[in-house]
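One line per chain: the protein sequences are A and B, in this order. In this text, residue positions in the first sequence follow my numbering: the first is 1, and each later residue adds one. In this text, residue positions in the second sequence follow my numbering: the first is 1, and each later residue adds one. Idealized CB from N, CA, C, for every residue including glycine.
There are 2 protein chains.
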Amino acid sequence: MSEVTNPKRGRPGYDQAAILEIAVLAFNEHGYDATSMSKLASRLSLSKAAIYHHFSSKEELLELALDHALGGLENVITQPGATTGPAIDRVAHVLRGAVLVLAERLPYVTLLLRVRGNTEVECNALERRRVFDRFVATLVLAARDEGSLRADLDAGVVTRLLFGMVNSIAEWYRPNGAADAARLANDVLTVALDGLRFRD
Amino acid sequence: MSEVTNPKRGRPGYDQAAILEIAVLAFNEHGYDATSMSKLASRLSLSKAAIYHHFSSKEELLELALDHALGGLENVITQPGATTGPAIDRVAHVLRGAVLVLAERLPYVTLLLRVRGNTEVECNALERRRVFDRFVATLVLAARDEGSLRADLDAGVVTRLLFGMVNSIAEWYRPNGAADAARLANDVLTVALDGLRFRD
DNA sequence: GTCTATAATTAGATAGAC
DNA sequence: GTCTATCTAATTATAGAC
């Protein structure tokens, strides 16, 4: 991926993606605002000026990182599984897809989930997240109307609790292969749809 | 509560709690690091120096806020409902209590949930959170052993998903009376224990 | 592609008057 | 309890050499 782990015949420098990867890890560890360009440069064993050769500003690092996370999520809701078939299956597809994207692009999605809307870049990212959220809210309503989901709870609350459960995975999940993420996605669907109570 | 909303015969100033309340709101809106003492002073219509009369440092504001959130949560797990009776009831008690504390001390708990462990103050808060988390994890295991909760899922994953659902409430809930919070707590327990699937 | 040096601004915090 | 003025250190970002 990066020229550091896969160097092209001794060329020493970082490319954009390699710097971004390390920057995102640092942002998640200490917070975006608490991670100064100096600290980032130390972590890369580079000077600050070298980073500015690859990115025009600190905020551009954030923008590209958020775009990578959002691209993954938006991809989930444009797949056929999210737009065709019974609503309950579409809900399951999107929940599963969100967990898998979260696991695959963990640091990027983690960063996205912590954005508060301080700047224009952050506001744009939040708006793209809201489009995703609204899509899922609509699916939940449809699954309720078709009789697949219980109707005695507020659909908005239900949707938010579902997202809360999925998004919170970013706080503790550490990747361990694709099979691991697939099992986690199944567990989420089991808890969400069937609950934790023992049934014989 | 504060001398601003309930002034003592025209004394104009803020007291510690009144400043803290507004500071916590600002920290949640823009992030702790992104909220400078200058911005905070503007928001209070005070000078920076006036804030330093009430608090010795920016971090002391954070420390007192986190302590208020943690005190509420720790209170939940020392109540009789959390330590006596069937494990499934104790799990329900703690989940319900966590939701109610979150609703009642919303800005303080919101701030707590965003702490990453950058400083000693943050690390201490995280450690107190972990004590709470471990208590709940133990309860979930006990409820499983007594046959109340399903045993086909990893108990650690289940506990984290439960917390994820509860904690995510801070991202969207806006208080509307105690009855509102009690209903929300019931909804959380319904989803967590019985799931969303329609059952006739 | 990376460096050193530095500009311009802002941060947290303090001194001392009222 | 609050103010103005100020300190020092750290911040983002740029200039120009190699």
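query: Comparing the C-beta of A:Leu196 with each C-beta of chain B, is any distance below 7 Å?; result: yes
query: When you compare only the Cα positions, how much space is there between A:Gly72 and B:Ala185?; result: 32 Å
query: Consult DSSP for A:Leu149 and reduce its assignment to one of helix, strand or coil.; result: strand
query: Would you list the residues sitting across from B:Arg197 in a DSSP beta bridge?; result: A:Leu149
query: Tell me, to the nearest whole angstrom, how far the beta carbon of A:Gly195 is from that of B:Ala192; I am working on the premise that it is less than 8 Å.; result: 7 Å
query: Quick check on this structure: which residue in A:Ile51, A:Ala125 and A:Ser45 has the alpha carbon closest to the alpha carbon of A:Ala17?; result: A:Ile51
query: Got a sec: is the Cβ-Cβ distance from B:Val109 to anything in chain A below 7 Å?; result: no
query: Can at least three beta-carbon pairs, one atom from the stretch 57 to 68 of chain A and one from the stretch 141 to 156 of chain A, be found at a separation below 8 Å?; result: no
query: To the nearest angstrom, how far is it from the Cα of A:Leu162 to the Cα of B:Met165?; result: 7 Å
query: Would you say B:Asn118 lies against chain A (beta-carbon separation less than 7 Å)?; result: yes
query: Under 7 Å, Cβ to Cβ, is there at least one residue of chain B near A:Arg160?; result: yes
query: Which whole-angstrom value is the C-beta distance of A:Ala98 and A:Arg90, which I expect to be below 8 Å?; result: About 13 Å; that fails the 8 Å criterion.
query: Assuming the contact rule is C-beta atoms closer than 8 Å, B:Asn118 and A:Ala34 should be a hit. Round their C-beta distance to whole Å, please.; result: 6 Å
query: Do we get a CB-CB distance below 7 Å when we pair B:Arg150 with the residues of chain A?; result: yes
query: My guess is that B:Val158 and B:Val140 are in contact by the Cβ rule of under 8 Å, so how many angstroms apart are they, rounded?; result: 6 Å
query: Classify B:Thr205: buried if its beta carbon has 16 or more other beta carbons within 10 angstroms, exposed otherwise.; result: Since the displayed chain B opens at 1 and closes at 200, residue 205 of chain B lies outside it and no answer follows.
query: State the DSSP-derived secondary structure class of A:Arg116, mapped to helix, strand or coil.; result: coil
query: A:Val188 to B:Ser45, Cα distance in whole Å?; result: 47 Å
query: Could you tell me which uninterrupted alpha helix (DSSP H) segments, each at least 4 residues in length, are contained entirely in the stretch 31 to 91 of chain B, listed from first to last along the chain?; result: 37 to 44, 48 to 54, 58 to 78 and 80 to 83
query: Between A:Leu25 and the rest of its own chain, which residues show a CB-CB distance below 6 Å, the 5 nearest in sequence each way excluded?; result: Pro107
query: If B:Lys48 and B:Ser38 are in contact, beta carbons under 8 Å, what's the gap, nearest whole angstrom?; result: 6 Å
query: Measuring CA to CA, which of A:Asp180, A:Trp172, A:Ala155 and A:Arg160 is closest to B:Arg160?; result: A:Trp172
query: Apart from the five residues on each side of it in sequence, which residues of its chain come closer than 7 Å, Cβ to Cβ, to A:Leu126?; result: Val115 and Gly117
query: Look at B:Phe198 and A:Ser36 and say whether their C-beta atoms are less than 7 Å apart.; result: no
query: To the nearest angstrom, how far is it from the Cα of B:Asp133 to the Cα of A:Glu60?; result: 37 Å
query: Do you know offhand how far B:Ile19's Cα is from A:Asn28's?; result: 29 Å
query: Between B:Met37 and chain A, is the shortest Cβ-Cβ distance under 7 Å, so that the two count as touching?; result: no
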